[in-house]
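Structure first, then comments.
Number of protein chains: 2
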Amino acid sequence: MATIYQVSELAGVSLATVSRVMNKNARVSEKTTKKVEEAMETLGYRPNSMARSLASNRSNSVGLLVSEVHGPFYGAMMSGIESELRASGMHVIIAAGHSEEATEKDGIEFLIDRSCDALILHVEAVSDEYLLELSRGRTPFVLINRDVESIEDNCICLDNELGGYLATRSVLDQGHTHIAYISGPLWKKDAKERYLGHQRALQESGLTQSSSLSFEGDFQAEGGSQGMRHLLASPDAFTAVVCGNDEMASGAMDEVRDQGLAIPGNISVQGFDNVGFSNYMFPKLSTVDYPVEAMGVMAARWVLKNVYNKNDLAVKNVFRPKLIARDSVKKLPR
Amino acid sequence: MATIYQVSELAGVSLATVSRVMNKNARVSEKTTKKVEEAMETLGYRPNSMARSLASNRSNSVGLLVSEVHGPFYGAMMSGIESELRASGMHVIIAAGHSEEATEKDGIEFLIDRSCDALILHVEAVSDEYLLELSRGRTPFVLINRDVESIEDNCICLDNELGGYLATRSVLDQGHTHIAYISGPLWKKDAKERYLGHQRALQESGLTQSSSLSFEGDFQAEGGSQGMRHLLASPDAFTAVVCGNDEMASGAMDEVRDQGLAIPGNISVQGFDNVGFSNYMFPKLSTVDYPVEAMGVMAARWVLKNVYNKNDLAVKNVFRPKLIARDSVKKLPR
DNA sequence: TGAAGAAATGTAAGCGCTTTCATTTATACC
DNA sequence: GGTATAAATGAAAGCGCTTACATTTCTTCA
């Protein structure tokens with residue numbers, strides 16, 4: 035492996051000059067530049083990234099912590115981040131947090147120890163205080179899908195309340211008035227906010243959520259099934275169910291069918307997230323689009339701007355969800 | 035940030051000794067070890083990973099190239115790899131190849147330049163020759179889902195031919211005799227082998243594939259829809275379709291329904307891969323399990339064994355697919 | 001008890017770059 | 001042509017570790 039020294043020898047210049055032409059961060063005469071580039075070419079020189087990092091104190095790596103590496107949601111997020119960062123020559127190191135406090139903290143430490151220049155975090159279990167504390171450290175980070183007071187600028191969020199509102203609004207607009215709700219775990223802020231949006235939509239129509247028609251699930255398919263079982267066993271009738279995310283909507287749909295009912299004939303189902311498979315379901319799931327890939331890209335831009343000084347980039351912190359009407363919600367006659 | 039030097043000072047020993055207790059690669063007396071560990075503790079010392087890498091010529095990072103960062107298939111793969119490697123303290127750097135030759139090569143170079151100790155590659159577009167050439171370089175790599183002659187030991191594969199056989203065998207076992215096939219792009223080895231397995235199953239039952247009932251798709255939902263449209267327009271009747279993967283099965287199912295037919299009432303559908311959403315589909319898709327997460331784990335083990343000298347690990351190169359019978363294939367009366 | 005050998009520790013030379021500061025060379029202007 | 005100034009280049013000191021080799025300290029056993 036050729037080193038910078040050999041290049042400098044062959045080009046008949048000093049180490050410093052070679053470094054300068056590599057980094058284009060100081061003026062070098064055209065003639066010298068050419069000599070150096072030729073030398074690099076003939077030696078097949080590739081700079082040693084570790085040496086560069088050590089000397090410059092920049093690793094050009096960004097740590098990415100997601101709850102799960104698999105799953106359509108994180109896939110889209112990682113995809114946006116990877117492409118945006120690689121286009122700028124940075125690499126991304128991934129780690130999983132599994133929505134558990136200890137694992138999330140561990141992952142963050144791991145990434146920091148790995149000399150990441152910045153972190154992109156999708157964390158759920160860790161407390162706001164921990165994140166505030168972290169923000170006083172020397173590794174900058176940006177949060178996806180989390181809004182922490184006093185470091186709002188580091189947060190890239192979806193307006194979940196609005197999303198919850200849109201989801202239920204859409205069902206109301208189709209004439210439904212008896213609406214059940216299966217929420218995510220309410221200790222998760224996004225689950226809570228979606229539920230609040232749902233309630234706002236109901237209130238706007240002069241309705242309130244009957245407590246027997248509301249169920250707290252786990253954001254997984256199984257929780258959706260459980261929820262639907264619970265709801266169908268309730269004395270109160272309903273014609274539609276709004277779910278906190280698409281996975282639970284899927285589970286709920288399975289249960290509806292298991293009980294011999296039709297979708298959307300007997301029961302309409304509304305999801306949230308618009309993850310990849312919602313379009314593969316049958317009937318195709320009406321849902322709310324979570325622009326997760328775009329938000330991933332934005333997180334990457336935040337890093338490029340705030341850590342790598344690409345100041346011309348604009349960063350948008352709050353994204354608006356959008357209703358995706360498909361086939362799982364039936365229009366009711368008035 | 036404390037350095038090794040400060041630790042050595044506080045502990046009253048030399049740099050070398052501190053390094054030794056960090057790496058546990060030479061004997062240090064118990065007494066000294068304790069002194070050093072205490073010093074580390076009180077200084078909150080964290081080794082600088084870049085300096086370690088430069089000095090030891092080991093980055094403890096493994097590059098992972100997948101075709102797409104999103105998508106259920108790669109998600110499961112990455113998940114297996116990430117967890118296995120992180121448990122051993124290695125980190126994984128991801129890059130996407132997008133199934134295009136130039137992008138794949140570019141990604142590989144990128145990862146090599148990033149000083150990865152090893153590469154885990156899921157490549158499709160790059161040639162066998164290129165990979166052989168690469169194998170002569172100094173960065174070791176392991177291939178997932180690719181079988182290259184003369185470097186078989188570096189390959190972690192699924193027996194796709196067997197999978198194709200099982201898929202069709204299962205449909206035959208349910209009494210179907212008029213079977214259509216929607217393959218993946220036949221230039222991809224796995225698509226080809228699955229198709230071959232399919233044909234073997236047919237032959238075993240004394241049947242042959244009617245050419246009008248065979249369609250070459252693109253491994254995407256859209257290709258499945260196209261294929262089904264094509265097949266339904268053919269003069270030959272069929273009661274079942276076997277698809278090269280689950281995405282195409284999903285697309286095919288949409289088309290079947292669009293034409294007013296029932297699944298599996300009129301047409302049975304068999305998939306391949308058992309990706310996450312196949313269980314969310316309706317009816318639940320009968321498919322063939324591709325143990326992609328396990329294969330990811332195995333690729334990680336290959337790296338641990340061959341690059342990081344964890345010799346006690348066993349590596350299995352060829353995985354066997356398994357039939358997953360669900361609801362999309364109907365049993366025909368004889 | 002002391003010599004030989006093993007175990008523990010220290011010394012110092014890198015690893016391949018970046019960057020500050022000093023020096024040389026080119027350019028401009030009177 | 002000579003001086004002031006700017007531009008180009010070079011010399012060398014790190015960055016924070018690892019590790020080969022040298023040295024010191026401890027064991028062992030005749």
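Heads up: the sequence lines are chains S and H, in that order.
Numbering follows our numbering, in which position 123 of the first sequence is assigned residue number 157; successive positions increment by one, without gaps.
Numbering follows our numbering, in which position 193 of the second sequence is assigned residue number 227; successive positions increment by one, without gaps.
Positions of the beta carbon are idealized from the N, C-alpha and C atoms, including for glycine.
*In the structure shown, what three-state DSSP assignment does residue 199 of chain S receive?*
Position 165 of the first sequence, counting from 1, holds the residue named residue 199 of chain S. In the structure shown, residue 199 of chain S falls within a helical segment according to DSSP collapsed to helix, strand and coil.
*asked:* Between which residues of its own chain and residue 235 of chain H is the CB-CB distance below 7 Å, once the five residues before and five after are set aside?
replied: Stepping through the second sequence from its first residue, residue 235 of chain H is reached at position 201. Listed in chain order, the non-local C-beta contacts of residue 235 of chain H below 7 Å within the same chain comprise 199, 202, 203 and 206, local neighbours out to five positions each way being set aside.
*Name the chain H residues whose beta carbon is nearer than 7 Å to that of residue 301 of chain S?*
The residue labelled residue 301 of chain S in the question sits at position 267 within the first sequence. Here the premise fails: no neighbours, minimum Cβ distance about 14 Å.
*Is the segment 107-114 of chain S close to the segment 94-109 of chain H, with three or more CB pairs under 8 Å?*
Three or more beta-carbon pairs drawn from the segment 107-114 of chain S and the segment 94-109 of chain H are found closer than 8 Å, and the two stretches are therefore classed as touching.
*Whose Cβ in chain S lies nearer than 9 Å to the Cβ of residue 106 of chain H?*
Looking up residue 106 of chain H in the second sequence gives position 72. Within chain S, the residues near residue 106 of chain H are 104, 105, 106, 109, 310 and 311.
*So is residue 336 of chain S buried or exposed if we call it buried at 16+ other beta carbons inside 10 Å?*
As a first step, residue 336 of chain S is located in the first sequence; it is residue number 302 there, counting from the start. So residue 336 of chain S counts as buried.
*Using 9 Å as the limit for Cβ to Cβ distance, is residue 81 of chain S near chain H?*
Counted from its first residue, the first sequence places residue 81 of chain S at position 47. Answer yes: the Cβ-Cβ gap between residue 81 of chain S and chain H drops below 9 Å somewhere.
*asked:* Rounded to the nearest angstrom, what separates residue 314 of chain H and residue 41 of chain S at their Cα positions?
replied: Counting from 1 along the second sequence, the entry for residue 314 of chain H is found at position 280. Counting from 1 along the first sequence, the entry for residue 41 of chain S is found at position 7. C-alpha separation (whole angstroms): 58 Å.
*Under three-state DSSP, which class holds residue 323 of chain H?*
Counting from 1 along the second sequence, the entry for residue 323 of chain H is found at position 289. Looking at residue 323 of chain H - three-state DSSP - the assignment turns out to be strand.
*Along the chain, which unbroken stretches of the beta strand (DSSP E) at least 3 residues long are found entirely within the segment 53-83 of chain H?*
The segment 53-83 of chain H is shown to contain no whole beta strand (DSSP E) run of 3 or more residues.
*Counting pairs of Cβ atoms below 8 Å between the segment 342-356 of chain S and the segment 162-173 of chain S, do you hit three or more?*
The segment 342-356 of chain S is not in contact with the segment 162-173 of chain S.
*Look at the alpha carbon of residue 133 of chain S and the alpha carbon of residue 262 of chain H, and state the distance between them as a whole number of angstroms.*
Residue mapping note: residue 133 of chain S aligns to position 99 of the first sequence, counting from 1. Residue mapping note: residue 262 of chain H aligns to position 228 of the second sequence, counting from 1. Near 41 Å, if we compare the C-alpha coordinates of residue 262 of chain H and residue 133 of chain S.
*asked:* I'd like to confirm something about residue 57 of chain S: is its beta-carbon nearer than 8 Å to some heavy atom of the ligand ATP, or not?
replied: By its list of ligands, the structure shown contains no ligand whatsoever, and the ligand ATP lies outside what it can speak to.
*asked:* If contacts are defined as beta-carbon pairs under 8 Å, then residue 275 of chain H and residue 214 of chain H qualify, I think. What distance do you get, rounded to the angstrom?
replied: Stepping through the second sequence from its first residue, residue 275 of chain H is reached at position 241. Stepping through the second sequence from its first residue, residue 214 of chain H is reached at position 180. About 4 Å; that satisfies the 8 Å criterion.
_residue 246 of chain H versus H/257, H/148 and H/216, residue with shortest Cα-Cα distance_ = Indexing the second sequence from 1 puts residue 246 of chain H at position 212. Closest option to residue 246 of chain H, Cα to Cα, is H/216.
*asked:* Beta-carbon within less than 6 Å of residue 155 of chain H's beta-carbon, same chain only, minus the 5 sequence neighbours each way: which residues are those?
replied: For this step, residue 155 of chain H is matched to residue 121 along the second sequence. Closer than 6 Å at Cβ, skipping near neighbours: 99, 175 and 177.
*asked:* Taking 9 Å as the threshold (beta carbon to beta carbon), is residue 288 of chain S in contact with chain H?
replied: To locate residue 288 of chain S, count along the first sequence from 1; it is residue 254. Chain H contact via Cβ: present.
*Which of helix, strand or coil does DSSP assign to residue 107 of chain S?*
Counted from its first residue, the first sequence places residue 107 of chain S at position 73. Three-state DSSP puts residue 107 of chain S in a helix.
*Would a C-beta distance cut-off of 9 Å place residue 222 of chain H and residue 253 of chain H closer than the cut-off?*
Sequence index remark: in the second sequence, residue 222 of chain H carries index 188 (1-based). Sequence index remark: in the second sequence, residue 253 of chain H carries index 219 (1-based). Note that the C-beta distance between residue 222 of chain H and residue 253 of chain H is below 9 Å.
*Select from S/251, S/96 and S/66 the residue whose C-alpha is nearest the C-alpha of residue 151 of chain S.*
The residue labelled residue 151 of chain S in the question sits at position 117 within the first sequence. Looking from the CA of residue 151 of chain S, the closest CA among S/251, S/96 and S/66 belongs to S/96.
*Pair within 9 Å by beta-carbon distance, residue 312 of chain S and residue 280 of chain S*: The sequence position of residue 312 of chain S within the first sequence is 278, counting from 1. The sequence position of residue 280 of chain S within the first sequence is 246, counting from 1. Less than 9 Å separates the beta-carbon of residue 312 of chain S from that of residue 280 of chain S.
*From residue 249 of chain S to residue 85 of chain H, what distance separates their C-alpha atoms?*
In the first sequence, residue 249 of chain S corresponds to position 215, counting from 1. In the second sequence, residue 85 of chain H corresponds to position 51, counting from 1. Going by the C-alpha atoms only, they are around 53 Å apart.
*Of all the CB atoms in chain S, is at least one closer than 9 Å to the CB of residue 126 of chain H?*
Position 92 of the second sequence, counted from the start, is the residue given in the question as residue 126 of chain H. Taking 9 Å as the CB threshold, residue 126 of chain H lines the interface with chain S.
*Name the two residues that bound the continuous beta strand (DSSP E) containing residue 266 of chain H.*
Counting from one through the second sequence, the residue named residue 266 of chain H turns up at place 232. For residue 266 of chain H, no beta strand (DSSP E) segment is defined; the enclosing uninterrupted segment is the alpha helix (DSSP H) at 255-267.
*Could you say which of H/343, H/317 and H/79 lies nearest to residue 284 of chain S if we only look at CA atoms?*
Mapped onto the first sequence, residue 284 of chain S falls at position 250. Its Cα nearest to that of residue 284 of chain S, the residue H/317 stands out among H/343, H/317 and H/79.
*CB contact below 9 Å: residue 49 of chain S versus chain H*: Here residue 49 of chain S corresponds to residue number 15 of the first sequence, with the count starting at 1. By this cut-off, residue 49 of chain S is not an interface position.
*Could you confirm whether any beta carbon from chain S is found closer than 9 Å to the beta carbon of residue 195 of chain H?*
As a first step, residue 195 of chain H is located in the second sequence; it is residue number 161 there, counting from the start. By this cut-off, residue 195 of chain H is not an interface position.
*Please decide whether residue 291 of chain S counts as near chain H, where near means a Cβ-Cβ distance under 9 Å.*
Taking the first sequence and counting its residues from 1, the one referred to as residue 291 of chain S is at position 257. Residue contact with chain H for residue 291 of chain S: present (Cβ-Cβ distance below 9 Å to some residue of chain H).
*For the beta strand (DSSP E) containing residue 358 of chain H, list its first residue and its last residue.*
Position 324 of the second sequence holds residue 358 of chain H. Per DSSP, residue 358 of chain H belongs to the beta strand (DSSP E) from 356-358.
*Which residues, in chain order, does the segment 201-224 of chain S contribute to contact with chain H at a C-beta distance below 9 Å?*
Taking 9 Å as the Cβ-Cβ cut-off against chain H, none of the residues of the segment 201-224 of chain S qualify.
*Using a C-beta to C-beta distance shorter than 9 Å, which residues of chain S count as neighbours of residue 255 of chain H?*
Looking up residue 255 of chain H in the second sequence gives position 221. Near residue 255 of chain H (Cβ distances below 9 Å), the residues of chain S are 313 and 314.
*Show which residues of chain H have a CB atom less than 7 Å away from the CB atom of residue 88 of chain S.*
Here residue 88 of chain S refers to the residue found at position 54 when the first sequence is read from its first residue. The contacting residues are 84, 85 and 88.
*Contact set between residue 113 of chain H and chain S, taken where Cβ atoms lie within less than 9 Å*: Mapped onto the second sequence, residue 113 of chain H falls at position 79. Under the 9 Å cutoff, chain S gives 102, 103, 104, 105 and 130.
*Buried versus exposed, by CB contacts within 10 Å (16 or more), residue 354 of chain H*: Taking the second sequence and counting its residues from 1, the one referred to as residue 354 of chain H is at position 320. Exposed.
*Taking residue 42 of chain H as part of the alpha helix (DSSP H), name the residues at either end of that continuous run.*
Locating residue 42 of chain H in the second sequence gives position 8, where the first residue counts as 1. Counting along the chain, residue 42 of chain H sits inside the alpha helix (DSSP H) bounded by residues 38-45.
*May I have a chain-ordered list of the alpha helix (DSSP H) segments no shorter than 4 residues that lie completely inside the segment 89-138 of chain S?*
If one requires a minimum length of 4 residues, the alpha helix (DSSP H) runs lying completely within the segment 89-138 of chain S are 106-121, in chain order.
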